[in-house]
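Structure first, commentary second.
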Amino acid sequence: MTIIQATLEGAGANLDTGRFTAMLDTMWRIRAFEELAVRSLDEKLVLGAIHPSIGQEACAAGICCNMEREDLLLSTHRGHGHTLAKGADALAMMRELFGRDGGTCGGKGGSMHIADFDVGMLGANGVVAANITIAAGAAHALKLRGEKRVVVCIFGDGAINRGPFLEGLNWAKVFDLPVLFVCEDNNFSATTHTAAMTAGPGAAARAQSLGLPAQTIDGNDVVAVDAATRNALAALHAGEGPQFLHCKTYRMTGHTAVDAAAYRDPAEVTRWRERDPITRLGEALRLAGVSEARLEEARTKAYAEMEEVYATARDTAWPDVAGAYRDVQDCGDPQVRPYS
Amino acid sequence: MSVISYLEAGKRAVREEMQRDPTVWALGEDLGRGGVFGQYKGLIDEFGPERIADTPISEACIMGAAVGAAMTGTRPIVEMRFSDFALCAIDELVNQAAKARFMFGGQMRVPMVVREPTGMWRSSAAQHSQSLESWYTHIPGLVVVAPATPADNLGLLKSAIRNDDPVVYLEHKNLWPLEGEVPEGEHLVPLGEAQIVRTGRDLTLVTWSATRHSCVAAADALEKQGIEAEVIDLRTLWPWDRDRVLASVEKTGRLIVAHEAVAVSGFGAEIAATVAEALHHRLKAPVQRLGAPRIPIAYAPPLEDEARVTEKKIIDAAKALCLPVAAS
Chain D
1 MTIIQATLEG
11 AGANLDTGRF
21 TAMLDTMWRI
31 RAFEELAVRS
41 LDEKLVLGAI
51 HPSIGQEACA
61 AGICCNMERE
71 DLLLSTHRGH
81 GHTLAKGADA
91 LAMMRELFGR
101 DGGTCGGKGG
111 SMHIADFDVG
121 MLGANGVVAA
131 NITIAAGAAH
141 ALKLRGEKRV
151 VVCIFGDGAI
161 NRGPFLEGLN
171 WAKVFDLPVL
181 FVCEDNNFSA
191 TTHTAAMTAG
201 PGAAARAQSL
211 GLPAQTIDGN
221 DVVAVDAATR
231 NALAALHAGE
241 GPQFLHCKTY
251 RMTGHTAVDA
261 AAYRDPAEVT
271 RWRERDPITR
281 LGEALRLAGV
291 SEARLEEART
301 KAYAEMEEVY
311 ATARDTAWPD
321 VAGAYRDVQD
331 CGDPQVRPYS
Chain H
1001 MSVISYLEAG
1011 KRAVREEMQR
1021 DPTVWALGED
1031 LGRGGVFGQY
1041 KGLIDEFGPE
1051 RIADTPISEA
1061 CIMGAAVGAA
1071 MTGTRPIVEM
1081 RFSDFALCAI
1091 DELVNQAAKA
1101 RFMFGGQMRV
1111 PMVVREPTGM
1121 WRSSAAQHSQ
1131 SLESWYTHIP
1141 GLVVVAPATP
1151 ADNLGLLKSA
1161 IRNDDPVVYL
1171 EHKNLWPLEG
1181 EVPEGEHLVP
1191 LGEAQIVRTG
1201 RDLTLVTWSA
1211 TRHSCVAAAD
1221 ALEKQGIEAE
1231 VIDLRTLWPW
1241 DRDRVLASVE
1251 KTGRLIVAHE
1261 AVAVSGFGAE
1271 IAATVAEALH
1281 HRLKAPVQRL
1291 GAPRIPIAYA
1301 PPLEDEARVT
1311 EKKIIDAAKA
1321 LCLPVAAS
């Protein structure tokens, strides 16, 4: 992998304002979606745990804008942003969070199991690191079928301490598969600092030890994420085998929406808030000549859209109870029925 | 009809399905050299290393990769080497393969077969001998198959490969050399259909996998003592053929379920409970379960044998249930 040094602050007047204004729109949509999902707890609309990605929007936007619709994406329990950026319908997603009819998965999965195969989103996952081996297999199938599509697998920093990380990366390298692994490092393994739980120099070094080209970048810099992803996907398309990105970002909320995250050092939170990816991108676009009105429109349009999504999802009916028995498996009757 | 071994029958099933459907492929450790028991021997020459894929010793990734590959337009056959090793991949099987179709709202299917050589094979000890089928029957989303004969291994494995949901396919290691007649040409055995191996009016013996053969031997011996046992090989444990079992017990009024697995929470408990719920008024004797004691399987033959459901144990249990019949 060629090391790309593109950064927000370094771009200056050369910033591709068209591309990155669209990126700002995506990031605001994610921020608005997440904030409304969290707010919905007040009305008890979100039912189970949700894991907001507030503060991590640059990773979702910068990665997914480089993917074709038919490319495949696998995400984590903290996957709303990735799924939106891959093109899933926000209303269907919010309905899924609320467990309503018309949800992405018919209300059967909820936040941690959102998938939208129509846009190549093969699923969030409730088990840390479980998506890594599935991603390797999806890429394996693409290779067997001689397809040009590629796979991107995003996981958190906690995942690098689970066995499937080793097994999946090794597998992808041994079989030379078209998959980009992205460690979206938000510093926390649930409520514990990952640094305290991780031996050695970390994610990128582990990937490099298996022969994967790996790069560590500022995950709050969407220009850097965009450039590094574009470069890595080009390497996949050139048949150079699996690639690895380590994006350093920060989770601005607790592990779940109800976690106050009192275990964090306030100074650390302040430091990262000053590096908010949306604020930084807005500043760079302003310097590159994008109008205040357009920057403000990115924010207001996103919140207007998501307020409407929220209201519509809230007013949607529960799914038909018969759905509890559908799509279990073709063989056998899932009902325990009396013998007559 | 031709006579082939249980092992050859499994290989023939894989070969025929790979010839029929180019999306079928197999992955597992040492497959290029034929697999640990030789059940893939020669297939790499016909289908090449891409479709008979040698993998690292990475059970979690073998299973997880199969899930991803099944979601992406292929039909993987997973080889787990020993069923005991599948425990290294239980998240991938139970949390991922079994649930994906449901929790993603039916957007896709996970058509994969997980071959897990199972059961006691002389002196393989506690980590290479287990029969864990009841674990899998408990998991919504999984089909569970345990063939006992060459013909069934051929016909059920082919059906399993064609099934659109994940199938746990338990071949018994001790049966690999067992020979038997198999039909020429296409032979499919439907999933979920039990086989009445022999008919009888006094007692129903429900069984599967290698214990089928102990039950048949016991039934032959019982016949000489005036007890006619009906032997039913379930063949598929989920879905299991309730109708056939209940019809038989309705006729005989007596039931023994015999399996190699530990009796406690074994799948025999499900059958016994179902029969008790449905046919309590028809039973002439209490339902009996025969399974292993709740001990790990030992290495030394006399200790290992303590875990076996032998022909003698089945005969003794049957005679105890049928005393009035034998006396009459």
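The listed protein sequences derive, respectively, from chains D and H.
For the first sequence, counting from 1, position 83 maps to 83 in my numbering; every step adds exactly one.
For the second sequence, counting from 1, position 254 maps to 1254 in my numbering; every step adds exactly one.
No residue lacks a Cβ here, since even glycine has one placed at the ideal position from N, Cα and C.
Small disclaimer: the values here were computed from a predicted structure and weren't measured.
Near chain D, meaning a CB-to-CB distance below 7 Å, the residues of the stretch 1052-1069 of chain H are 1056, 1058, 1060, 1061, 1064, 1065, 1066, 1067, 1068, 1069. Looking from the CA of residue 1286/H, the closest CA among 1019/H, 1001/H, 1159/H, 1323/H belongs to 1323/H. Flagged as an interface residue toward chain H: residue 329/D, by a C-beta distance shorter than 7 Å. For the 7 Å CB-CB criterion, residue 1095/H and residue 127/D form a contact. Here residue 46/D is near residue 37/D, since their CB atoms are less than 7 Å apart. Restricting attention to 296/D, 28/D, 135/D, 207/D, the CA atom closest to the CA of residue 71/D is found in 135/D. For residue 1274/H, the secondary structure class from DSSP, reduced to helix, strand or coil, is helix.
Under the 8 Å Cβ criterion, the stretch 1011-1023 of chain H counts as touching the stretch 1150-1157 of chain H, having at least three qualifying pairs. Against chain H, the CB of residue 105/D has a partner CB under 7 Å away; the residue lies at that interface. At a cut-off of 7 Å between beta-carbon atoms, residue 1020/H makes no contact with chain D. The closest CA to that of residue 14/D, considering only 305/D, 309/D, 285/D, is found on 285/D. Less than 7 Å separates the beta-carbon of residue 220/D from that of residue 277/D. In the displayed model, residue 171/D falls within a helix according to three-state DSSP.
For residue 1106/H, at least one C-beta of chain D is nearer than 7 Å to its own C-beta. Contacts between residue 1245/H and chain D, judged by CB atoms closer than 7 Å, are missing: the closest CB pair is about 11 Å apart. By the neighbour-count definition (other C-beta atoms within 10 Å, threshold 16), residue 1194/H is a buried residue. For secondary structure counted as the beta strand (DSSP E) over 3 or more consecutive residues, the stretch 1151-1210 of chain H holds these complete runs in sequence order: 1167-1169, 1179-1182, 1195-1198, 1203-1207. The Cβ atoms of residue 1182/H and residue 1205/H lie no closer than 7 Å to each other. Within the stretch 103-175 of chain D, the runs of beta strand (DSSP E) that reach at least 3 residues and sit entirely inside it are, in chain order, 151-156.
The Cβ atoms of residue 252/D and residue 33/D lie no closer than 7 Å to each other.
The Cβ atoms of residue 41/D and residue 1071/H do not sit closer than 7 Å to each other.
For residue 1164/H, the neighbours in chain D by C-beta distance under 8 Å run, in chain order, 330.
Distance from the CA atom of residue 1101/H to the CA atom of residue 1107/H, rounded to whole angstroms, is 7 Å. Among the residues facing chain H, residue 278/D is not included, as its CB has no counterpart in that chain under 7 Å away. In the three-state DSSP reduction, residue 189/D falls in the strand class (E or B). Residue range 1255-1262 is occupied by the beta strand (DSSP E) that includes residue 1258/H.
Under the three-state reduction of DSSP, residue 246/D is assigned to strand. The Cβ of residue 1078/H sits no closer than 7 Å to any Cβ of chain D.
Close to chain H, meaning a Cβ-Cβ distance shorter than 7 Å, are the following residues of the stretch 174-188 of chain D: 174.
Against chain H, the CB of residue 171/D has a partner CB under 7 Å away; the residue lies at that interface. With the criterion set as a beta carbon lying under 7 Å from some beta carbon of chain D, the members of the stretch 1229-1244 of chain H are 1238, 1239, in sequence order.
Here residue 106/D is buried: its Cβ has 16 or more other Cβ atoms, across all protein chains shown, within 10 Å. Under a criterion of Cβ atoms nearer than 7 Å, the residues of chain H adjacent to residue 108/D are, in order, 1102, 1103, 1105. Flagged as an interface residue toward chain H: residue 117/D, by a C-beta distance shorter than 7 Å. Residue environment: residue 1302/H is assigned as exposed (fewer than 16 neighbouring CB atoms within 10 Å of its CB, all protein chains considered). Taking a beta-carbon distance threshold of 7 Å, residue 1141/H counts as an interface residue toward chain D.
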